[in-house]
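Notes to accompany the following structure.
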Amino acid sequence: MKTESDPGLAFLAGGEAAAAQAEAPTNSPSLSVGELSRNIKRTLEGDFGHVRVRGEVSGAKRAASGHWYFRLKDDKAVIDAVCWRGSANRLNTPPEDGLEVIATGRVTTYEGRSVYQLVVEQLEPAGAGALLKLLEERRKKLGAEGLFDEDRKRALPYLPERIGVVTSPT
321 MKTESDPGLA FLAGGEAAAA QAEAPTNSPS LSVGELSRNI KRTLEGDFGH
371 VRVRGEVSGA KRAASGHWYF RLKDDKAVID AVCWRGSANR LNTPPEDGLE
421 VIATGRVTTY EGRSVYQLVV EQLEPAGAGA LLKLLEERRK KLGAEGLFDE
471 DRKRALPYLP ERIGVVTSPT
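Taking our numbering, the leading residue of the sequence shown gets 321, the next gets one more, and so forth.
This is the structure:
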């Protein structure tokens, strides 16, 4: 059946472009779905070994296993993220819906379904609003423990006998 003579049939068959694609060289190697998925995994995980991603947390849920599952999003895209229990226990800032964060981790893929996600190892608040919120939460926690009560405060001596200096490499 010739499709050039009948424009309706050419449209159904995909037109001349589809015919040209169908006649592409057959000597190029074909991959199985699994091979293609493995190649994608190797490329993604190799090129994006360790990354820092800024985004807003949404859909944060802590599983009974202790893992955190959430999504990082911005105005253009969304990526699934997971924080395994070992890393989750070390987080200073747990994921919370609406919180703007910088997530440090690695991109991984699941070959069986050809999906990718960010495995988060660290989370830090991003932006001044997040830092102020964190500071206020700590102030409330310490206040609840009574650490800011007037009766706990001691007067400084006029001439101190000892002075301590606390430093950090960061």
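Quick reminder that beta carbons are idealized off the backbone N, C-alpha and C, glycines included.
Measuring only the C-alpha atoms, how far is residue i from residue j?
i: VAL485; j: ARG433; result: 55 Å
i: TYR436; j: ASP395; result: 19 Å
i: TRP388; j: TYR430; result: 18 Å
i: PRO414; j: SER488; result: 24 Å
i: ASN347; j: ARG405; result: 48 Å
i: HIS370; j: ASP469; result: 45 Å
i: VAL398; j: LYS453; result: 24 Å
i: ARG391; j: LEU356; result: 26 Å
i: GLY425; j: ARG362; result: 17 Å
i: PRO480; j: ARG474; result: 13 Å
i: LYS381; j: ARG410; result: 17 Å
i: ASN412; j: ARG472; result: 27 Å
i: ALA401; j: LEU438; result: 5 Å
i: GLY386; j: CYS403; result: 9 Å
According to DSSP, simplified to helix, strand and coil, what is residue i?
i: LYS460; result: helix
i: PHE331; result: Here PHE331 scores only 42 on pLDDT, less than 50, and its place in the model is too uncertain to base an answer on.
i: ASP394; result: coil
i: ASP400; result: strand
i: SER488; result: coil
Going by C-alpha distance, which of the options is nearest residue i?
i: ALA383; options: ALA408, VAL373, LYS361; result: ALA408
i: LYS554; options: ARG410, ASP469, VAL373; result: Given that the chain is displayed from residue 321 to residue 490, the structure contains no residue 554 and the question cannot be resolved.
i: GLY366; options: GLY386, LEU351, ASP400, THR428; result: THR428
i: ALA446; options: LEU438, ARG472, ALA423; result: ALA423
From what residue to what residue does the beta strand (DSSP E) around residue i run?
i: ALA380; result: 371-382
i: ALA423; result: 420-430
i: PRO445; result: 435-445
At what residues does the alpha helix (DSSP H) containing residue i begin and finish?
i: VAL353; result: 353-367
i: ARG405; result: 405-408
Quiz item: Would you call the region 409-425 and the region 370-378 in contact, with 3 or more CB pairs under 8 Å?
Solution: yes
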